[in-house]
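Sequences listed follow chains H and D, in order.
According to my numbering, the first sequence is numbered sequentially starting from 155.
According to my numbering, the second sequence is numbered sequentially starting from 121.
Where is the CB? At the ideal position from N, CA and C, for every residue including glycine.
Before any comments, here is the structure.
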Amino acid sequence: MLKEAEIRTFVDGTTNYFEVSGRQPATVGSPYLVTDGRPGTYEYTGVIGISGARKGIVYFTAPRGMLTVLLMRMQETDCSEETILDLVGEVANTISGNARRDFGKSFVISVPTVVAHNPEKVTPPHARCYVIPINWRAHSAKLVVCLE
Amino acid sequence: MMDTSAQQSKKLMIVDDSNIIRRRIERSQQIDRLEVVGAAANGRDAVDLFRRTQPDVVTMDLTMPEMDGIECVEKLVAINPKVLILVVSALADKATAVEAIEKGANGFLCKPFTDRQLNDALEELLRDA
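Pasting the structure below:
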């Protein structure tokens, strides 16, 4: 179960990522709880396994359109499938790693696993997940936090 | 007049499992003062590359497969105590930054970063060179 302040950590991390890397702040909607273990995905998903004091996963999922624009804002000219997958993993890694500012060193993050076009491969470890909706430059994405 | 810029440039090795981050570092303004001698996507490859290319400066991610960045920093410093290492990582807790510095890193840049922050961090590192 996540506390409100803990959810705030991920909201702030998401906002900061888009503001710094995308050079334009994202609008983050009200986080909501999903209890059926199916928080949903877009085309591309970067999944970070969490171990240590907390256990579960954090994933960032977004459509190709958003990721392509984000790459362009980062002055990246290669928008191949490989680079899109690299980016979605890097976003998940950065937001999860930044969470250690509040969670501390015992919040251990894995290297990212990336999934494309196959939502069945993204399986939260338990039914209760918090979803943070993200809107950026007419695109929608989400950060899903599923921690014990 | 003889061009001495090549002689003055420092050799840089970039260690990060993200191609995007590696290319961003290669695009840094400070890159004029650096010669990129190689890039590695994990700590193990970085140690091998370090031995072969003997860079003066290293940018180092921390969360990587095979061997993490903290262990890699320790190994690189054991090989060459004079190497300058800038850790570039998303791990934002103070304890990790302190540990990296204790193992021998010279600076810490937290992801995400702007081009200016990267430039400033590399400039500060090169000031010590």
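Item                                                                                                                                                                                    : Value
Secondary structure at H:F214, three-state DSSP: helix, strand or coil?                                                                                                                 : strand
Mapping the DSSP letters down to three states, classify H:P273 as helix, strand or coil.                                                                                                : helix
Kindly indicate if chain H contains any beta-carbon less than 8 Å away from that of D:I134.                                                                                             : no
Closer than 8 Å, CB to CB, is H:K296 near chain D or not?                                                                                                                               : no
Quick check on the burial criterion: 16 or more other C-beta atoms within 10 angstroms. Buried or exposed for D:V218?                                                                   : exposed
Which runs of the beta strand (DSSP E) spanning at least 3 residues fall entirely within the segment 186–263 of chain H, listed in chain order?                                         : 186–188, 198–206, 210–216 and 261–263
Using a Cβ cut-off of 7 Å, pull out every chain D residue sitting near H:E230, in sequence order please.                                                                                : I140 and R143
Exposed or buried, H:K296, counting other C-beta atoms within 10 Å across all chains shown (16 or more means buried)?                                                                   : buried
Chain H partners of D:L211, CB-CB under 7 Å?                                                                                                                                            : G251 and R254
Nearest chain H C-beta to D:T124 closer than 8 Å, yes or no?                                                                                                                            : Residue placement at D:T124 cannot be trusted, given a pLDDT of 46 that sits under 50; the coordinates are not used to answer.
Check whether the Cβ of H:K209 lies closer than 8 Å to any Cβ atom in chain D.                                                                                                          : no
Run through the segment 134–178 of chain D for me and flag every whole beta strand (DSSP E) of 3 or more residues, listed as ranges in chain order.                                     : 154–160
For D:G227, which beta-bridge partners are listed by DSSP?                                                                                                                              : D:L206
I'd like to confirm the pairing. Which residues does DSSP put opposite H:N289 in its beta bridges?                                                                                      : H:T181 and H:S294
For D:M184 and chain H, any beta-carbon pair shorter than 8 Å?                                                                                                                          : yes
CA-CA distance, H:Q178 and H:N252?                                                                                                                                                      : 19 Å
Name, in chain order, the residues that DSSP records as bridge partners for H:C300.                                                                                                     : H:I211
Using beta-carbon positions only, say whether D:V178 and D:V135 come within less than 8 Å of one another.                                                                               : yes
Checking contacts by CB at 8 Å: is H:T267 closer than that to chain D?                                                                                                                  : no
I think H:I288 touches H:F164, with their Cβ atoms under 8 Å apart; what is that distance to the nearest whole Å?                                                                       : So it is not a contact: roughly 11 Å between Cβ atoms.
Note the first and the last residue of the continuous alpha helix (DSSP H) segment covering D:L182.                                                                                     : Counting along the chain, D:L182 falls outside any alpha helix (DSSP H), and DSSP gives it neither H nor E.
Give every residue of the same chain whose Cβ lies closer than 8 Å to the Cβ of D:R171, excluding the five residues on either side of it in the sequence, and list them in chain order. : I199
Which residues in the same chain have their Cβ closer than 7 Å to the Cβ of H:T237, if we skip the five residues on either side of it in sequence?                                      : L225 and E230
Can you give the Cα-Cα distance for H:A180 and H:N247, rounded to whole angstroms?                                                                                                      : 18 Å
Leaving out the 5 sequence neighbours to the left and right, which residues in its chain are closer than 6 Å to D:C230 when beta-carbon positions are compared?                         : A212
In the DSSP output, which residue or residues are listed as bridge partners for D:T216?                                                                                                 : D:T216 is not bridged to any residue.
With a cut-off of 8 Å, do at least 3 Cβ pairs link the segment 193–207 of chain H to the segment 149–156 of chain D?                                                                    : no
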